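Engineer: Got a structure for you, questions after.
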Amino acid sequence: MKGFSLRSGKIFVFVLWILLSMNEFMLFSAKVFNVKKFGAVGDGKTDSTKAFEIAWKKACKNRGKPRVVIPEGVFLIRPLVLRGPCKSHKMHVHVEGVVKAPINITVFKNKKEWILFQHVERVIVSGYGKFDGRGAFAWPLNQCTKQKHCNFLPSSIKFNYVTNGTIQGISSVNSKSFHLSIHNSKHIKLHDIKISAPEDSPNTDGIHITDSSNVTITRSIIGTGDDCISIGPGSRRVLISGVFCGPGHGISVGSLGRYENERDVVGLRVRNCTLTGTRNGVRVKTWPASPKSSASHLVFEDILMNNVHNPIFIDQNYSPYGPSKKQRPSEVQIRKVRFDKIRGTSASKVAVRLMCSKAVPCQDVELSDIDLRYHELGQSTLASCANVHGVSKGLLKPPPCF
Ligand SMILES: *[C@@H]1O[C@H](CO)[C@@H](O)[C@H](O)[C@H]1NC(C)=O
Ligand SMILES: *[C@@H]1O[C@H](CO)[C@@H](O)[C@H](O)[C@H]1NC(C)=O
Ligand SMILES: *[C@@H]1O[C@H](CO)[C@@H](O)[C@H](O)[C@H]1NC(C)=O
Ligand SMILES: *[C@@H]1O[C@H](CO)[C@@H](O)[C@H](O)[C@H]1NC(C)=O
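The sequence shown runs 3 to 404 under this note's numbering.
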């Protein structure tokens, strides 16, 4: 009897050990879901949407850290929703090849994005692969640069309700509208990304953030036809550093005050960035005749401008459809904004423009150590302001205007 219970005890421990190691295996091994195994064909012609969908769905049911692999090759993908919640501890999508969008926008019907990650916790998109939005055919159909009421073309990649998501390494080119869009998400890291679209492509913002918190963007190269990065309504605790921007419209907060019930922007730090040949450098833009909201705790520091048109710009009369004269002023309150250690060259004589709203003047604006010269000739620059309250200190070229 005694021997038996000892043996069964040993067996019990052994079985327990196997179970534990299996569990460990499930948690720490990365099961690979190669899209080719599910029928994807990397010939640039075959529609591989279904294969991508199945690979994601199977991976999503795996309890470990599954890896969806998109190998070398060119994969044509229709609009795709990669949906959670997943059973996995972490979802990993690794891209080595090129993922190519359909050219014809009728394929998108009313969809606002091409590849949508929705309700996913812990996801990483990595690799040296490329997402090609093939926007050139759609750009002439964009009405949003001419009129306020318009249909947006689809963004290339969107995170919607994603928690703890990372996008790293990949490149995104020629999106139909925004390249990457982060919405209703938190704890998001974007790094070592390359984004490019022609200088004259409409609304091809590099990264657009709305209603999201704790987003960091580092070490990336962005050149597009619109803002390199736009920080829209409801953005909180956003950090941008080590970004090269240009061509494009610069790094912008906004536009704000376009719609009713927009959430405030609170907490942005843009540091150690370089802007080259852009229309604006660092900018806050709000619409006239806007509902009430606010943007506060914004810091722009250690920024190099190379031949930038409006290096430092607050524009509370933002009206891309021509000058708006008789409208009510903007009611977006801008406060606690710091511009510090901003240097380089301005492509226009007025390097600092702080045009705040008559209805809600900017509060607590601080300018320090600004050294901006006009062109390569090194001529002096000017500052122009309206309705600004704050302080200026340290070296100031141009001389302060408030
Ligand atoms: C786009 O697709 C629609 C609907 O299938 C078709 O009518 C149209 O001719 C296509 N356009 C081009 C340029 O292929
Ligand atoms: C996401 O990351 C944050 C901060 O690192 C952590 O506190 C939180 O538990 C994570 N959430 C999930 C769902 O993994
Ligand atoms: C922000 O999220 C990152 C993970 O993406 C985490 O490491 C960091 O602790 C978070 N910070 C805050 C203030 O929540
Ligand atoms: C600034 O950004 C550059 C380019 O990404 C990077 O190499 C450098 O380490 C960064 N410096 C600091 C102090 O963060």
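Built from N, CA and C at the ideal position, the CB exists for glycine as well.
Everything numeric in this text was worked out from a predicted model, so none of it was measured.
Starting from the N-terminal end, write out each residue whose C-beta falls within a distance shorter than 5 Å of any non-hydrogen atom of ligand 1.
Structural biologist: Here the residues come out as Asn106 and Thr108.
Engineer: Tell me whether the stretch 241 to 261 and the stretch 169 to 181 touch, counting them as touching only if at least three CB pairs, one residue from each stretch, are closer than 8 Å.
Structural biologist: With a cut-off of 8 Å, the stretch 169 to 181 and the stretch 241 to 261 do not count as touching, because too few Cβ pairs lie within range.
Engineer: Taking the CB atoms as reference points, tell me whether Gly129 and Gly167 lie closer together than 7 Å.
Structural biologist: No, they are not a contact pair.
Engineer: Among residues of its own chain, excluding the 5 on either side of Leu411, which ones have a beta-carbon nearer than 6 Å to its beta-carbon?
Structural biologist: In the structure displayed, the chain extends from 3 to 404; residue 411 sits before or after that span and is not available.
Engineer: How long is the line joining the alpha carbons of Leu78 and Lys38, rounded to whole angstroms?
Structural biologist: Looking at the two C-alpha atoms, the distance is approximately 13 Å.
Engineer: Tell me whether Asn162 counts as near ligand 5, meaning its Cβ is closer than 6 Å to at least one heavy atom of that ligand.
Structural biologist: Inclusion of ligand 5 in the displayed structure is not the case, the ligand content consisting of ligand 1, ligand 2, ligand 3 and ligand 4 alone.
Engineer: Express the C-alpha separation of Cys387 and Cys403 in angstroms, rounding to a whole number.
Structural biologist: The straight-line gap from Cα to Cα measures roughly 6 Å.
Engineer: Answer with buried or exposed for Gly396, where buried requires no fewer than 16 other C-beta atoms within 10 angstroms of its C-beta.
Structural biologist: Gly396 should be labelled exposed.
Engineer: Nearer than 6 Å: is that true of the beta carbon of Arg345 relative to any heavy atom of ligand 4?
Structural biologist: Arg345 Cβ: outside cutoff for every heavy atom of ligand 4.
Engineer: Say whether the stretch 329 to 339 touches the stretch 274 to 285, bearing in mind that this needs 3 or more beta-carbon pairs closer than 8 Å, one atom from each stretch.
Structural biologist: Because the criterion of three Cβ pairs below 8 Å is not met, the stretch 329 to 339 and the stretch 274 to 285 do not touch.
Engineer: May I have the straight-line CA-CA distance separating Lys148 from Tyr323, to the nearest angstrom?
Structural biologist: So the alpha carbons of these two residues sit roughly 6 Å apart.
Engineer: Which value, in whole angstroms, describes the spacing of the CA atoms of Leu84 and Pro293?
Structural biologist: Spanning the two alpha carbons is a distance of roughly 35 Å.
Engineer: Report yes if the CB atom of Trp141 is closer than 7 Å to the CB atom of Pro204, and no otherwise.
Structural biologist: Contact flag set, yes.
Engineer: Name the DSSP bridge partner or partners of Ser296?
Structural biologist: Looking at the DSSP assignment, Ser296 forms a beta bridge with Gln335.
Engineer: Could you pull out every residue in the same chain whose Cβ sits closer than 7 Å to the Cβ of Asn389, ignoring the five residues on either side in sequence?
Structural biologist: Excluding residues within five positions, the ones whose Cβ falls inside 7 Å are Cys358, Ser359, Lys360, Pro363 and Cys364.
Engineer: Helix, strand or coil for Trp141 per DSSP?
Structural biologist: In this structure, Trp141 counts as helix in the three-state DSSP scheme.
Engineer: Please say whether Asn64 and Lys92 have beta carbons closer to each other than 7 Å?
Structural biologist: Contact: no.
Engineer: With distances taken from CA atoms, which of Gln318, Ile344 and Val354 is nearest Asn312?
Structural biologist: Nearest C-alpha to Asn312: Val354.
Engineer: Name, in chain order, the residues that DSSP records as bridge partners for Leu379.
Structural biologist: Note: Leu379 sits in no beta bridge, so no partner.
Engineer: Ligand 4 and Asn308: does the residue's C-beta get closer than 6 Å to at least one heavy atom of that ligand?
Structural biologist: Result no, Cβ not under 6 Å from ligand 4.
Engineer: Since Trp116 is in the beta strand (DSSP E), which residue starts that stretch and which ends it?
Structural biologist: Unbroken beta strand (DSSP E) run through Trp116: Glu115 to Gly129.
Engineer: Beta-carbon of Gly396 versus every beta-carbon of chain B: anything under 7 Å?
Structural biologist: This model lacks chain B altogether, as it is built from one protein chain only.
Engineer: For my contact list, Leu379 and Ser348 are in at a C-beta cut-off of 8 Å; report their separation, rounded to the angstrom.
Structural biologist: 11 Å between Cβ atoms; not a contact.
Engineer: Any heavy atom of ligand 2 inside 6 Å of the beta-carbon of Thr220?
Structural biologist: False, no ligand heavy atom lies under 6 Å from that Cβ.
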